[in-house]
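Participant: Each residue of the sequence shown is one higher than the one before, starting from 1 at the first, in the UniProt record's numbering. The structure is given below, and queries will be raised subsequently.
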Amino acid sequence: MHAMGDDPSAIEQRPLPQPGGVTGVVLAGGRGSRMGGVDKGLQPFQGAPLALHALLRLQRQRGGWIGDCMINANRHLGAYEGFGVPVWPDELPDYAGPLAGMLTALTHCETPHLLTVPCDSPRLPLDLADRLCRAVIEHGADLAMAAAPEPDGQVRPQPVFCLLGTHLLESLTRFLHDGGRKIDAWTARHRCVIVPFDRPDDDPLAFANVNTLEELRALQDAPAASR
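Quick look at the structure:
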């Protein structure tokens, strides 16, 4: 676990996560271009939409950190509203990427911290919030980002699995206004702690995401998680 980056203009007194003080958001606002343009979050996985799996796992997070949940989506808003939480479309036009979804969520977040997850990771860890919150507290960080083993065995950051303080709204607004779009380029401006999820009992497919219909079928056929 390590921290990187520190914006000299960052607020000196960073708010620390509190139980119930984190809003979880499922980012489902992408184009789904590698799936032929379908709305990825609404694709069925084991009998329910992908985004609903992600939402339910957010709501079941251990440690009591999650107080509220929402969804960021740009199409089929009525379908997403049927999941029972607020749904907010991007405030930026033209499918501007995950950071646009983060900006929208930060704008509507009513708690001091926000936890973001993608809509296409239906096996996300149930201790994601707990481990990221504890890392932010331990390091006094602005953000915490999960890292996980990839198919080549290397543990790499998973930028969309991110805990961030809502005090970063102004910074993200400026970054996007100036044309920035890459998550790691923005997080590098702040104190960001990387939290590895590579323990022996961690689900190796917890961060598996789905970019094609073939990957969706493969994940659906994979052995169930043990935890």
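The beta carbon of each residue, even a glycine, is placed where N, CA and C say it ideally should be.
Give every residue of the same chain whose Cβ lies closer than 7 angstroms to the Cβ of Leu-52, excluding the five residues on either side of it in the sequence, and list them in chain order.
Facilitator: For Leu-52, where only same-chain residues beyond five positions count, the Cβ hits under 7 angstroms are Phe-83.
Participant: Between the alpha carbons of Leu-169 and Thr-107, how many angstroms are there, rounded?
Facilitator: Going from the Cα of Leu-169 to the Cα of Thr-107 covers about 7 angstroms.
Participant: List the DSSP bridge partners of residue 228.
Facilitator: Because the chain in this structure spans residues 1 to 227, residue 228 falls outside the shown range and cannot be described.
Participant: Assuming Gly-67 and Thr-111 make a contact with CB atoms under 8 angstroms, what is their CB distance in whole Å?
Facilitator: Rounded, the Cβ-Cβ distance is 6 angstroms, consistent with contact.
Participant: Name the DSSP bridge partner or partners of Asn-211?
Facilitator: The partner list for Asn-211 (beta bridge, DSSP) is empty, contrary to what the question assumes.
Participant: CB Val-195 to CB Lys-40, shorter than 8 angstroms?
Facilitator: No, the Cβ-Cβ distance between Val-195 and Lys-40 is not below 8 angstroms.
Participant: Which full runs of the beta strand (DSSP E) of 3+ residues lie inside the segment 68-115, going along the chain?
Facilitator: Runs of the beta strand (DSSP E) inside the segment 68-115: none found.
Participant: For a quick check, are the C-beta atoms of Leu-124 and Ala-206 less than 8 angstroms apart?
Facilitator: Taking 8 angstroms as the Cβ cut-off, Leu-124 and Ala-206 qualify as a contacting pair.
Participant: Beta carbon of His-113, beta carbon of Pro-17: below 8 angstroms?
Facilitator: A contact, by the Cβ cut-off of 8 angstroms.
Participant: Taking 8 angstroms as the threshold (beta carbon to beta carbon), is Gly-63 in contact with chain B?
Facilitator: Although the question refers to chain B, the structure presented lacks it and comprises just one protein chain.
Participant: Which residues in the same chain as Gly-24 place their Cβ atom closer than 6 angstroms to its Cβ, once the five residues preceding and following it in sequence are excluded?
Facilitator: So the list reads Leu-58, Ile-66, Cys-69, Leu-115, once near-sequence residues are dropped.
Participant: From Leu-172 to Leu-56, what does the alpha carbon distance come to, in whole angstroms?
Facilitator: Going by the C-alpha atoms only, they are around 27 angstroms apart.
Participant: Could you check if Gln-46 is buried or exposed, using at least 16 other CB atoms within 10 Å of its CB as the buried criterion?
Facilitator: Gln-46 is exposed by the Cβ-count criterion.
Participant: Have a look at Leu-143 and Arg-191 and give me their C-alpha separation to the nearest angstrom.
Facilitator: So the alpha carbons of these two residues sit roughly 6 angstroms apart.
Participant: Once the 5 residues before and after residue 233 are set aside, which same chain residues still bring their CB inside 6 angstroms of it?
Facilitator: Missing from the structure shown is residue 233; the chain here goes from 1 to 227 and no further.
Participant: Kindly list the residues whose CB is nearer than 7 angstroms to the CB of Leu-216, restricted to its own chain and excluding five residues on each side of it in sequence; keep chain order.
Facilitator: So the qualifying residues of the chain are Gln-43, Phe-45, Val-210.
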